[in-house]
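Novice: If you read the protein sequences in the order shown, they are chains A and B. Remember, the working numbering sits 57 above the position in the first sequence when you count from 1. Remember, the working numbering sits 57 above the position in the second sequence when you count from 1. Ideal placement from N, C-alpha and C gives every residue a C-beta, glycine not left out. Can you read through this structure? Questions will come right after.
Number of protein chains: 2
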Amino acid sequence: MQGFIYHNPTKIIFGNGAIEKIGEITAPVAKKVLYLYGKNSIKENGIYETTIKSLRKAEVEVVEYGGVKANPVLSHTREGIKLARREKVEAIVAVGGGSVIDEGKAIAAGVVADHDVWKFYDGSGTTVKTALPILTVLTMSATGTEMNGGTVITNEDTKQKIGIMSPRLQPLTSILDPTTLYSVSTEQTAYGAVDAITHLLESYFTKEDTYTPIQDRYAEGIIKTLVEITPKIQVCPTDCSCRASFMWAATLAWNGLAPSGVGAWNAPNHLIGHSMSALYDTPHGASLSITLSGWLPWYAEQNENNKKQLLQFGKAIFDTTTVEDTIEHFRDWCRLIKSPTKLSDIGVDESGLVQIAKNIGENAPLWGLPQYTAEFCESILRRCK
Amino acid sequence: MQGFIYHNPTKIIFGNGAIEKIGEITAPVAKKVLYLYGKNSIKENGIYETTIKSLRKAEVEVVEYGGVKANPVLSHTREGIKLARREKVEAIVAVGGGSVIDEGKAIAAGVVADHDVWKFYDGSGTTVKTALPILTVLTMSATGTEMNGGTVITNEDTKQKIGIMSPRLQPLTSILDPTTLYSVSTEQTAYGAVDAITHLLESYFTKEDTYTPIQDRYAEGIIKTLVEITPKIQVCPTDCSCRASFMWAATLAWNGLAPSGVGAWNAPNHLIGHSMSALYDTPHGASLSITLSGWLPWYAEQNENNKKQLLQFGKAIFDTTTVEDTIEHFRDWCRLIKSPTKLSDIGVDESGLVQIAKNIGENAPLWGLPQYTAEFCESILRRCK
Numbered sequence: 058m059q060g061f062i063y064h065n066p067t068k069i070i071f072g073n074g075a076i077e078k079i080g081e082i083t084a085p086v087a088k089k090v091l092y093l094y095g096k097n098s099i100k101e102n103g104i105y106e107t108t109i110k111s112l113r114k115a116e117v118e119v120v121e122y123g124g125v126k127a128n129p130v131l132s133h134t135r136e137g138i139k140l141a142r143r144e145k146v147e148a149i150v151a152v153g154g155g156s157v158i159d160e161g162k163a164i165a166a167g168v169v170a171d172h173d174v175w176k177f178y179d180g181s182g183t184t185v186k187t188a189l190p191i192l193t194v195l196t197m198s199a200t201g202t203e204m205n206g207g208t209v210i211t212n213e214d215t216k217q218k219i220g221i222m223s224p225r226l227q228p229l230t231s232i233l234d235p236t237t238l239y240s241v242s243t244e245q246t247a248y249g250a251v252d253a254i255t256h257l258l259e260s261y262f263t264k265e266d267t268y269t270p271i272q273d274r275y276a277e278g279i280i281k282t283l284v285e286i287t288p289k290i291q292v293c294p295t296d297c298s299c300r301a302s303f304m305w306a307a308t309l310a311w312n313g314l315a316p317s318g319v320g321a322w323n324a325p326n327h328l329i330g331h332s333m334s335a336l337y338d339t340p341h342g343a344s345l346s347i348t349l350s351g352w353l354p355w356y357a358e359q360n361e362n363n364k365k366q367l368l369q370f371g372k373a374i375f376d377t378t379t380v381e382d383t384i385e386h387f388r389d390w391c392r393l394i395k396s397p398t399k400l401s402d403i404g405v406d407e408s409g410l411v412q413i414a415k416n417i418g419e420n421a422p423l424w425g426l427p428q429y430t431a432e433f434c435e436s437i438l439r440r441c442k
Numbered sequence: 058m059q060g061f062i063y064h065n066p067t068k069i070i071f072g073n074g075a076i077e078k079i080g081e082i083t084a085p086v087a088k089k090v091l092y093l094y095g096k097n098s099i100k101e102n103g104i105y106e107t108t109i110k111s112l113r114k115a116e117v118e119v120v121e122y123g124g125v126k127a128n129p130v131l132s133h134t135r136e137g138i139k140l141a142r143r144e145k146v147e148a149i150v151a152v153g154g155g156s157v158i159d160e161g162k163a164i165a166a167g168v169v170a171d172h173d174v175w176k177f178y179d180g181s182g183t184t185v186k187t188a189l190p191i192l193t194v195l196t197m198s199a200t201g202t203e204m205n206g207g208t209v210i211t212n213e214d215t216k217q218k219i220g221i222m223s224p225r226l227q228p229l230t231s232i233l234d235p236t237t238l239y240s241v242s243t244e245q246t247a248y249g250a251v252d253a254i255t256h257l258l259e260s261y262f263t264k265e266d267t268y269t270p271i272q273d274r275y276a277e278g279i280i281k282t283l284v285e286i287t288p289k290i291q292v293c294p295t296d297c298s299c300r301a302s303f304m305w306a307a308t309l310a311w312n313g314l315a316p317s318g319v320g321a322w323n324a325p326n327h328l329i330g331h332s333m334s335a336l337y338d339t340p341h342g343a344s345l346s347i348t349l350s351g352w353l354p355w356y357a358e359q360n361e362n363n364k365k366q367l368l369q370f371g372k373a374i375f376d377t378t379t380v381e382d383t384i385e386h387f388r389d390w391c392r393l394i395k396s397p398t399k400l401s402d403i404g405v406d407e408s409g410l411v412q413i414a415k416n417i418g419e420n421a422p423l424w425g426l427p428q429y430t431a432e433f434c435e436s437i438l439r440r441c442k
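This is the structure:
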């Protein structure tokens, strides 16, 4: 194990019906908030009504701002910052999935910054010094942003999808109410599972330290659970036990515990997936199942340590004993839950592949992965089957 | 899964050599601290010198108070409170194992209370409203107190060993430096492992909800690691990889994650073990391996659900397939690491057994376990083999 600092002060309020508490939780923090959301789906499933009622009852003034995109974009973030400044809101209440919360964080930091918000993301080294308090009501489990300091924004002009981490962007409180997931589609459930699993796999496979049994087993326990329950949820979307385990699993997958102590690690699958999303607006999870499908066999071939780690993964999750079987089981599972494993599944042809590889190569240095050149990435992408 | 609130704001600073940072971490919090420790062992292994030097360098004034007992006692706590008041310290720096940190928490709460500190423990319902900031340098891994709000104190007059939990007693920062464990004895290492494992097993076996795969696997991953590495550490006390995994495992075992979402649960093995310690000054971990040795077979006999959970435990940890094999493997492992499994191992005879059972029966209602009467506990204790 290697040294680390772990500090995760976000308070989690978990349970069926917990969204009713947003008012009483927000009131001691702010008298006026920006209520951020995505599409109108929260108006259809009752989440909007319940949370707005709760905030009003607690005498919290609400400035509504909807329309966050699935891969949240810079232009909408900038408009949100203008609105939040004009209305002098004191906190952000983000009601939605990872995209809404990520944009909420960007707005929280941008409102109090004396420069454009993209400067936090553009690799110039500008860090977040302060931000408005962030409260979240999670309605789609996937990214783990509800219990970490991460945020990912897409710049439509430069076609870059960039993520940053800051302790100042850690939500104060996040409400995890498994009943809000009942209306999440089969497709989004699959993508959420793949996203959470990939979060765990990044450090599991790229870690510097080779002896980290606590961290490995932590990851394996969560992955195995997601592998088991995701197809069950797709058959029965209101299975409250499975939805609850899914919700907590996705949060624990990316709250900083998994990589603590593994030493240096990186996120090549996210790097590759982000370029797919930036160019093709591919759902994040879908881009990751395609990426893993090509990256895993490449990874296992590199050296004996990698092979051993992949076999450990296979044994723990699929009870497989060879690299080939493990990868085939992984791809089969993706197909079972209907998450794509090849570029043609999302309509990308040969020229698209080259374009994606080029985009990855351009962003790779920002991710600390200069070896992921366009040429190298082409070879990975050709393995996605 | 059931609803829960999870909030653990303790900052963990983990790594070889991390104890040197105690000064810079303490300085922003307090200018004068009570430096609490146990026996003189920290003066022999260099921990005292390093931490005192670090505090002085950061210009933190230190009021030393040593002599905390292995099961920390009320009289010494009361004296510490008097000293802390007289010296007007602003924070507690607890340098030691669970006992030192637990007494540090009691002093932190007692200093600012307008009543005797035992009132927090005596079951009268008096809760901790405020406390001095608590910083810890952990030198023995076992109880998990470095990352939770728990504290256990023994009242020598009433022969009661009672634990309480409060968010106000959560350490601000805890330094976990695996090199401090190098001098922990074979015996104390065994007891620490048993303690950490028992923390996980309490909710694992007594949980209200029967479908909690995330929590089960989290516990199994940590237990399996401790089962594997404890004998290795006993052979090679300076195995830095194993000591580091041990240290982090014990912290994660009792930081609130394992029972989050399992619904109601209780801690019968701790109840029984505490009475053994209160009457015979048995090391905490030793009392728990004896208790589990008798409690596990009783538990498995009660109903099919219990049996299933014990078999799941056996499969995950020892790759066993029957109740008998699982319990025998558990006892064998205790013997391997030299933690006792029967009362005679600690010199308790028939009259001692009756006396312990009586003490348990008296304390049981405080633990929410009124069914643990003296008579019932005698039958459990007779099973310890």
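#1: Going along the chain, which residues of its own chain have a beta-carbon closer than 6 Å to the beta-carbon of T236(B), five neighbours each way excluded?
#2: Is it the case that the Cβ atoms of S93(A) and V117(A) are separated by a distance below 8 Å?
#3: For a test of the three-state rule: what should DSSP assign to H256(A), helix, strand or coil?
#4: Report the option in S231(A), N65(A), K372(A), I219(A) whose CA atom is closest to the CA atom of I329(A).
#5: Give the straight-line distance between the Cα atoms of N416(A) and V380(B), rounded to the nearest whole angstrom.
#6: I want to verify the contact list: residues of chain B whose CB lies under 8 Å from the CB of K68(A), in sequence order.
#7: By the three-class DSSP mapping on this structure, what secondary structure does L192(A) have?
#8: For a contact defined as C-beta to C-beta under 8 Å, what are the partners of R274(A) on chain B?
#9: Hey, I76(A) and I232(A): beta-carbon distance below 8 Å or not?
#10: For K88(A), count the other beta carbons within 10 Å of its own beta carbon; 16 or more makes it buried, fewer makes it exposed. Which is it?
#11: What does A301(B) touch in chain A if you count any residue whose Cβ is under 8 Å from its own?
#12: Rounded to the nearest angstrom, what separates I290(A) and C299(B) at their Cα positions?
#13: Does chain A have any CB closer than 8 Å to the CB of A75(B)?
#14: Name the DSSP bridge partner or partners of N205(B)?
#15: Looking only at its chain, what residues have a beta carbon closer than 7 Å to the beta carbon of K364(B), apart from the 5 residues adjacent to it on each side?
#16: For A306(B), which residues in chain A fall below 8 Å Cβ to Cβ?
#17: The beta strand (DSSP E) that contains F61(B), what's its start and end?
#18: Round the Cβ separation of S396(B) and A247(B) to the nearest angstrom and send it over; I've been treating them as touching at under 8 Å.
#19: My guess is that L91(B) and V120(B) are in contact by the Cβ rule of under 8 Å, so how many angstroms apart are they, rounded?
#20: Could you tell me which residues DSSP pairs with Q217(B) in its beta bridges?
#21: Identify every residue that forms a DSSP beta bridge with E121(B).
#22: Give me the residue from I191(A), K139(A), R225(A), G249(A) with the minimum Cα distance to A127(A).
#23: CA-CA distance, E213(B) and E136(B)?
#24: Please check the pair I104(A) and T230(A), which I expect to be a contact at CB under 8 Å, by giving their CB distance rounded to whole angstroms.
#25: Quick one: which chain B residues come within Cβ less than 7 Å of S111(A)?
#26: If the cut is a Cβ gap below 9 Å, which residues of chain B does S309(A) touch?
#27: Ignore the nearest five residues each way along the sequence and tell me which others in T187(B)'s own chain have a CB closer than 7 Å to its CB.
#28: In angstroms, rounded to a whole number, what distance separates the CA positions of A163(A) and T339(A)?
#29: Around the C-beta of N97(B), are 16 or more other C-beta atoms found within 10 angstroms, so that it is buried, or is it exposed?
#30: Would you grab the beta carbon distance between V319(A) and T255(A) for me? Rounded to a whole angstrom, and I think it's under 8 Å.
#31: Identify each residue in the segment 215 to 242 of chain B for which the Cβ-Cβ distance to at least one residue of chain A is less than 8 Å, and report them in chain order.
#32: How is L233(B) classed by DSSP in three states: helix, strand or coil?
#33: Using three-state DSSP, classify I82(B) as helix, strand or coil.
#34: Short check: CB of W355(B) to CB of I437(B), under 8 Å?
#35: Going by C-alpha distance, which of Y239(B), E361(B), S111(B), T211(B) is nearest N102(B)?
Specialist: Looking at the atomic coordinates:
#1: N73
#2: Ser is not the amino acid found at residue 93(A); the sequence shown has Leu there. In this structure, V117(A) does not lie closer than 8 Å to L93(A) by Cβ.
#3: helix
#4: I219(A)
#5: 57 Å
#6: I62, Y63, H64
#7: strand
#8: R274, E277, G278, I279, K281, T282
#9: yes
#10: exposed
#11: M58, G318
#12: 39 Å
#13: yes
#14: Partner(s): none; N205(B) has no beta bridge.
#15: A357, V380
#16: I271
#17: 61 to 71
#18: 4 Å
#19: 5 Å
#20: N212(B)
#21: Y92(B)
#22: G249(A)
#23: 14 Å
#24: Contact flag wrong, Cβ pair sits at about 17 Å.
#25: Within chain B, no residue comes near S111(A); the closest Cβ sits about 16 Å away, beyond 7 Å.
#26: According to the sequence shown, residue 309(A) is Leu rather than Ser. The contacting residues are I271, Y275, L314.
#27: V169, R225
#28: 21 Å
#29: exposed
#30: About 16 Å separates the two Cβ atoms, so there is no contact after all.
#31: P235
#32: strand
#33: helix
#34: yes
#35: Y239(B)
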